[in-house]
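So in the UniProt record's numbering, spot 180 of the sequence shown is number 180, and the numbers just go up one at a time.
Don't be surprised by glycine CBs; every beta carbon is placed ideally from N, CA and C.
For reference, the structure is listed below as C-alpha cells.
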Amino acid sequence: MTIVIIGGGFAGLSAYDERREEKVVLIDRKDYFLLTPWLIDFICGLNNNITVKYNHVIVGEVNKIDFKEKKIFLNGHTIAYNKLILALGHHQNLPRLKGAKEFAHKLETLDDALLLKRRLSEVKDVVIIGGGATGVELAGNIIGKNITLIQRRNRLLPTMTTASAKKAEKLLTELGVNLLLGVEALEVQKDKVITTHGEVKSELTIFAGGLKGPDMINSIHKNRNHRMLVDKFLNSVDYKDVYGAGDCATFEESEIPMSADVAVNAGRVAMRNALGEEEEFRPQRSATILRIRDEYFGDFGENFVEGNFAKLLKKISYVESRMLVR
C-alpha cells in the first residue's frame with residue numbers, strides 16, 4: 001500500500017512520523033520545514049533559526065489530483081496512491097478587502113517575512129489589520145515605528161481567553177500602539193487605510209487575518225472558508241481513501257481550530273486511520289502562548305498563564321516543532 005502526504009507542515013510531518021511499514025511518500029513545494037509560528041520573531045530579529053532542512057521529501061509543485069483514478073500529477077510525473085492525506089495548510093484571504101491584494105503585505109512564507117523585514121527598515125508608519133495572535137505579536141514586537149492595529153471586533157484575540165485579550169491590550173497600550181477596536185478596514189490604498197472611523201496614514205500595511213483553505217482542493221466539498229470537509233475520522237466527505245489534516249480541513253458541523261498543536265494531532269490521527277484504524281479526531285488546543293517584547297502570556301488549555309511558565313511552554317513548543325523533521 002502506498003500512502004501519499006501532500007504538505008510538509010505541522011500536520012504533514014506528524015502524519016509522516018506516524019508511518020509504519022507501508023510505503024509513505026511526502027510531497028512539498030519547498031525543501032525545508034518553515035516554523036510559521038516564529039515568522040514574527042524572524043521579522044523582528046528575535047530568532048533567525050526558523051527553518052529545518054527536509055531529508056525525506058519529494059520537492060515539487062502538485063499540478064493536479066485525480067481523486068477518482070487516485071493519481072497525483074507532479075512536475076510532469078505521476079504518482080499513484082492507495083490512500084492520500086492532504087495537509088495543505090492555509091492561505092490568507094487578501095481579496096476579501098478592497099485594495100489589499102495590491103497594497104497590503106501578507107505573512108505566510110519565508111519570502112513574505114524577508115520582504116516585510118526589508119520594508120520595515122524603510123518606513124515609519126505601519127498599519128496592521130487583524131487583532132488575532134499574528135496581529136498582536138507583530139504590533140508588540142516591531143520597534144521604533146508608529147503602529148496602528150485595526151481590529152473589527154471589540155476585543156483582541158477573539159479565540160483566546162478574556163484574560164489573554166486584556167493582557168495584550170494592556171501591553172500594546174503601554175507600548176504606544178494605536179488600537180482601533182470595533183473598527184473595520186474598508187479599503188487599503190498606497191499611503192493609507194480607509195476605515196469605518198476615518199483614514200489612517202500608512203507607509204506599510206500588513207494583513208494579519210482572513211484565513212482560508214488552499215485552492216488545490218477546488219474539486220471536493222469545502223465550507224465557506226474554503227476548507228475541505230471531513231468526518232470525525234478525518235475522511236473527506238467525498239472520497240473515503242482521502243484524509244484531511246491541519247488547517248486545510250474542518251468538520252461540517254463545527255470549525256476545527258487553525259493552530260500548530262491541533263494540526264500535529266490531526267496529522268497523527270489521519271495517518272493512523274489511513275493505516276486501518278478508526279480513531280475519532282477530537283481537536284484540543286494544548287497551549288497558545290504569545291510574546292510581546294519580554295512578556296510571555298497566553299492560554300494553557302482553558303487557563304490563562306503568564307511569566308516563566310508561559311515562556312517555558314513557548315520554548316518547549318519550539319523544540320518539539322523542530323523535532324518533527326527526523
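Please state whether the Cβ-Cβ distance between residue i and residue j is less than 9 Å.
| i | j | result |
| --- | --- | --- |
| alanine 208 | threonine 195 | no |
| isoleucine 85 | glycine 12 | yes |
| asparagine 75 | isoleucine 3 | no |
| leucine 34 | threonine 134 | no |
| isoleucine 220 | valine 242 | yes |
| asparagine 141 | isoleucine 292 | yes |
| tryptophan 38 | isoleucine 27 | no |
| isoleucine 43 | leucine 175 | no |
| serine 14 | asparagine 265 | yes |
Alpha carbon to alpha carbon, what distance is there between residue j and residue i?
| i | j | result |
| --- | --- | --- |
| tyrosine 239 | glycine 182 | 42 Å |
| glycine 267 | aspartate 41 | 26 Å |
| threonine 148 | tyrosine 296 | 22 Å |
| valine 97 | arginine 20 | The sequence given here has leucine at residue 97, not valine. Roughly 45 Å between the two C-alpha positions. |
| arginine 322 | leucine 313 | 14 Å |
| arginine 224 | phenylalanine 10 | 23 Å |
| aspartate 247 | threonine 78 | 26 Å |
| lysine 212 | histidine 197 | 27 Å |
| glutamate 61 | glycine 8 | 12 Å |
| lysine 222 | glycine 144 | 42 Å |
| glutamate 169 | phenylalanine 300 | 19 Å |
| arginine 326 | phenylalanine 251 | 30 Å |
| methionine 160 | glutamate 306 | 14 Å |
| lysine 117 | alanine 263 | 27 Å |
| glutamate 278 | asparagine 235 | 10 Å |
| arginine 272 | glutamate 18 | 7 Å |
| alanine 87 | arginine 119 | 31 Å |
Any idea if residue i is buried or exposed, counting beta-carbon neighbours within 10 angstroms, 16 or more meaning buried?
| i | result |
| --- | --- |
| threonine 173 | exposed |
| serine 254 | exposed |
| threonine 36 | buried |
| isoleucine 5 | buried |
| serine 121 | exposed |
| histidine 90 | buried |
| leucine 46 | exposed |
| residue 331 | Absent from the model: residue 331. The displayed extent of the chain is 1 to 326, so no value can be given. |
| alanine 80 | exposed |
| threonine 162 | exposed |
| valine 319 | exposed |
| aspartate 261 | buried |
| methionine 1 | exposed |
| isoleucine 289 | buried |
| lysine 23 | exposed |
Give a yes or no on whether 9 Å exceeds the smallest Cβ distance from residue i to chain E.
| i | result |
| --- | --- |
| glutamate 278 | Among the chains in the structure shown there is no chain E, since it carries only a single protein chain. |
What whole-angstrom Cβ distance do residue i and residue j have, given they're in contact under 8 Å?
| i | j | result |
| --- | --- | --- |
| glutamate 131 | leucine 157 | First, the amino acid is wrong: residue 131 is glycine here, not glutamate. Their Cβ separation, rounded to whole angstroms, is 7 Å, which keeps glycine 131 and leucine 157 in contact under 8 Å. |
| lysine 101 | leucine 107 | 15 Å between Cβ atoms; not a contact. |
| valine 188 | threonine 205 | 5 Å |
| alanine 104 | isoleucine 129 | 7 Å |
**Request:** Count the C-beta pairs between the region 280-297 and the region 117-126 that are closer than 8 Å, then say yes if the count reaches three, no if not.
**Result:** Not touching, per the Cβ criterion.
**Message:** For the region 225-234 against the region 151-163, do three or more pairs of beta-carbon atoms, one drawn from each stretch, fall closer than 8 Å, so that the two count as touching?
**Reply:** Inter-segment contact for the region 225-234 and the region 151-163 is absent: fewer than three beta-carbon pairs are separated by less than 8 Å.
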